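Residue numbers (my numbering): 1235 to 1526. By construction, the Cβ of each residue, glycine as well, lies at the ideal position given by its N, Cα and C atoms. Only a predicted model underlies this, so the values are computations on that prediction, with no experimental measurement involved. For reference, the structure is listed below as structure tokens.
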Amino acid sequence: MRIATWNVNSIRTRFGRVVDWMVREDIDVLAMQEIKCRPEQFPVDAFAQAGYELEIHGLNQWNGVAFASRHEMTDVARSFAGIPGFGAPVKGQEAVQSVGSNGLPVEARALGVTVGDLRLWSLYVPNGRALGDPHFDYKLAWLEALRRESEAWLGEDPDLPLALMGDWNIAPLEGDMGDPSFTVGESTHVSPEERAMFASFSPTVEDVVRPIVPEGYTFWDYKAGRFPKNEGMRIDFIMGSRAFADAVTGAAIARDERKGDAPSDHVPVVCDIDPSLLGDTFEDEDDRPMVF
DNA sequence: ATGACTATAGTGTATAGA
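Set out below in structure tokens:
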């Protein structure tokens, strides 16, 4: 079973490329970020014709997260407990936009689904914009709430195969930042505060790709020839709980998806799961066969 | 060069991204 995450930077611009890649790479479940549209604008037919069902969470032209899956998705969640909001309510979305823990409107940055035994989240962590910007505090508060809730989920069920997948907007280690316009002490993505926040997710969830793919970026800015100069950043991650990580048999960063016509500025991050390695979680199901 | 490029809303110019 192959699972992936991809910040697609507008699904309406990118859907042909995304579906082609999913079919070519035999992707079972894709977590998308920055779909940049409302559900009624999402190009669902292209995915349906390739055999994928969709769950979509988008409020306007900003942000937006989704899942495409060959397998049934259940227990759909569009936010998590304690999530903070930001900015003003989105016009026309008053009926569906919830209020966050800070009293501000919740943006379309989180979508949770259950596929088989797996609990999966597509996450678009706030950018932060600049050190000291209100958006930077929002980024840290958003991650803090996510970490606390993840700890609660695994506190209830330590064997839960949980994956937090998406664009984390943090380059956690020194080798993850290759863009010279970012400087520790001056820039987002590399600040000690952000890196400490990222590190605090361990051991609740751990990067399941890095042990298999120790180097490589997942994002290159469109500006200044960052891709040909390979001045990118590693900011997209699949963070798995112990049970999830134990079932991972492979991983990849699909660097070639930054090439060619009209690429996203991010590339897909992939992992392979062997459902038979889900262990306790599966045995607890009284030996019923896996649905995959 | 508070820029460089790309996308969206809307049709000139602003917001956002990282």
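| Item | Value |
| --- | --- |
| Taking Arg1248 as the reference, which of Asp1499, Val1439, Asp1508, Cys1505 has the closest Cα? | Asp1499 |
| Mark Gln1283 as exposed unless 16 or more other C-beta atoms lie within 10 angstroms of its C-beta, in which case mark it buried. | exposed |
| Taking the C-alpha atoms as reference points, what is the distance between Asn1387 and Trp1376? | Correcting the residue type first, residue 1387 is Trp in the shown sequence and not Asn. Their Cα atoms are separated by approximately 17 Å. |
| State the CB to CB distance for the pair Thr1239 and Asp1470, rounded to an integer number of angstroms; the pair is presumed to be in contact (CB under 8 Å). | 6 Å |
| Rounding to the nearest angstrom, what Cα-Cα distance links Ala1311 and Lys1457 in this structure? | 35 Å |
| Counting beta carbon pairs with one atom in the region 1300-1317 and one in the region 1340-1357, are three or more of them shorter than 8 Å? | yes |
| Specify whether the region 1483-1497 and the region 1392-1403 touch according to this definition: at least 3 beta carbon pairs, one from each stretch, less than 8 Å apart. | no |
| On a CA-only basis, which of Phe1320, Lys1325, Val1347, Gly1346 is nearest Val1340? Give me that one, please. | Phe1320 |
| Please report the straight-line C-alpha distance between Leu1430 and Pro1437, rounded to a whole angstrom. | Contrary to the premise, residue 1430 reads as Ala rather than Leu in this sequence. Those two C-alpha atoms are separated by around 13 Å. |
| Between which two residues does the alpha helix (DSSP H) containing Ala1386 stretch? | 1368-1390 |
| Does the separation of the CB atoms of Gly1334 and Pro1509 fall below 8 Å? | no |
| Report buried or exposed for Gly1459, applying the criterion of at least 16 other Cβ atoms within 10 angstroms of its Cβ. | exposed |
| Exposed or buried, Leu1512, counting other C-beta atoms within 10 Å across all chains shown (16 or more means buried)? | buried |
| Can you give me the start and stop residues for the alpha helix (DSSP H) that Trp1355 sits inside? | Not the alpha helix (DSSP H): Trp1355 falls in the beta strand (DSSP E), residues 1352-1358. |
| Ignore the nearest five residues each way along the sequence and tell me which others in Asp1518's own chain have a CB closer than 7 Å to its CB. | Interpretation of Asp1518 is limited by its pLDDT of 46, a score under 50 that renders its predicted location unreliable; no figure is taken from the coordinates. |
| Going straight from the alpha carbon of Val1257 to that of Ala1280, what length do you get? | 11 Å |
| Along the beta strand (DSSP E) that carries Asp1506, what are the first and last residues, could you check? | 1503-1507 |
| Let's see if you can read the secondary structure: which residues bound the alpha helix (DSSP H) around Thr1247? | 1245-1258 |
| Whose C-alpha, out of Ser1421, Lys1493, Leu1398, is nearest the C-alpha of Ser1478? | Residue 1478 is actually Phe in this sequence, not Ser. With distances taken between Cα atoms, Phe1478 lies closest to Leu1398. |
| In the DSSP assignment, find the unbroken alpha helix (DSSP H) run with Glu1274 in it and report its ends. | Careful: Glu1274 lies outside any alpha helix (DSSP H) and carries neither H nor E. |
| Quick one, which of Pro1462, Arg1363, Gly1366 has its alpha-carbon nearest Lys1493's? | Pro1462 |
| By DSSP, does Ser1434 sit in helix, in strand, or in coil? | coil |
| Which word fits Glu1201, buried or exposed, when buried means at least 16 other C-beta atoms lie within 10 angstroms of its C-beta? | An answer regarding residue 1201 cannot be provided, because it is not within the stretch 1235 to 1526 covered by the chain. |
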